[in-house]
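First the structure, in the form of structure tokens, and then the observations on it.
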Amino acid sequence: MVKYRIVDLISNYLRRIDLVKIPDHVLKTVEKLENRIGYTYRNKQYAINALVHSSFSNEHHNFAAKSNERLEFLGDAILDFVLSLMLYNNQANYSEGEMSKMRALIVCESSLNECAKEIGLGELIMLGKGEEANGGRTRPSILSDALEAIIGSIYLDGGMDEAQGFIMHLLGDTYQKAIKGMLFMDYKTALQEELQKSGDVVIQYKLMESSGPDHSKTFKISVHSNGKAIGVGVGKSKKDAEQMAARAALEKMGIQV
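Heads up: the sequence shown begins at 184 in this note's numbering, then just goes up one per residue.
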């Protein structure tokens, strides 16, 4: 696939990062990262790059590293490849559609966010003042993107074997839960990720009606994208109804759920 063919092109470009003197406090942050992920970088510059959010680079134009967006792009491709290979080699009974669905479940934002929180990644990311004030250190999208950037940085620094080992260690438990049917799709997160591919959107969930006695109510909720209703769901709680509404929206969009 084109997505995987460009991995080497991106990596070759990123390997041309000029080395500069790294401040001591930044090196300490890198050391913390290395201890938490169980990997020691040969070139610390890759680690620094993985931790720089765009809000920080926008405020610090002369900093030693640019934002982690390109590394995140690379890491996303590598993560997809490694999970695809694991599923192909280990789940011989899965169809193409089942493998796609399982991979999406394992690498969704909520799964990566949990992994990022386990290693305390939020406190290591370099954020701009505005993003810091708005709670960026706990924002799932920032954490999951940074984790993918780390995967990309490990690939550049140590090669595919190191990146694959890190991914298998990081997502091993999630993988096992998924194939055993113990991991369930967060349809709301999946819908948000899908809609945001086309730009900024405002997603709202609105209660349409509730019925039944207090101890056994049923809720009907609609989900809206930029004011337009795109799905309706019913559940025994508002949370369940929201999930079902998001699932309905995904199905209307032709996305396997």
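Ideal Cβ positions, reconstructed from N, Cα and C, are used throughout, including at glycine.
This one's a predicted model, so the numbers in the text were calculated from it and none came from an experiment.
Residue i vs residue j beta-carbon contact at 8 Å
i	j	result
K389	S405	yes
L433	L366	no
N232	S336	yes
I220	I333	yes
A327	N296	The sequence shown places Ser at residue 327, not Ala. The answer is yes: Cβ separation under 8 Å.
G418	A424	yes
I261	A346	yes
Y370	Q426	yes
G416	A428	yes
K380	F402	no
E301	P323	no
G414	K400	no
7 Å Cβ shell around residue i - same chain, five flanking residues per side excluded
i	result
M309	L234, V235, H236 and F239
N226	D340
L304	L326, A329 and L330
L266	R286, I289 and V290
L202	Because the pLDDT of L202 is 44, which lies under 50, any placement of that residue in the model is unreliable, and the question is left without a value.
T321	G305
Residue from the options with nearest C-alpha to residue i
i	options	result
Y224	Y338, D207, G303 and R320	Y338
A361	G410, M285 and T372	M285
L270	H243, L354, F256 and I386	L354
E306	K400, K211, M436 and M282	K211
G313	Y222, V385, E242 and I205	E242
F264	S283, A316 and F246	S283
L268	L216, V213 and M343	M343
Own chain partners of residue i with C-beta closer than 8 Å, once the 5 adjacent residues on each side are dropped
i	result
I438	A373 and E377
H352	G221
S393	K400, T401, F402 and K403
CB contact below 8 Å: residue i versus chain B
i	result
M351	This model lacks chain B altogether, as it is built from one protein chain only.
Which of helix, strand or coil DSSP assigns to residue i
i	result
S405	strand
K211	helix
K411	strand
L202	Low confidence applies to L202: its pLDDT is 44, below 50, so where it sits in the model is not reliable, and the reading given next is rough at best. The answer is coil: DSSP assigns L202 none of H, G, I, E or B.
D397	helix
K312	helix
G319	helix
K389	strand
A424	helix
Own chain residues within Cβ distance below 6 Å of residue i, not counting five before or after
i	result
Y141	What is shown of the chain runs 184 to 440, which leaves residue 141 out entirely.
S250	V235, S237 and S240
R199	Here R199 scores only 49 on pLDDT, less than 50, and its place in the model is too uncertain to base an answer on.
E255	D328, E331 and A332
Contained alpha helix (DSSP H) runs [length at least 4] in the region 285-310, N- to C-terminal order: 292-301
Ranges of the alpha helix (DSSP H) found wholly within the region 335-386, counting only runs of at least 4: 343-362 and 370-379
Residue ranges of each alpha helix (DSSP H) within the region 229-279, 4 or longer: 237-242 and 252-273
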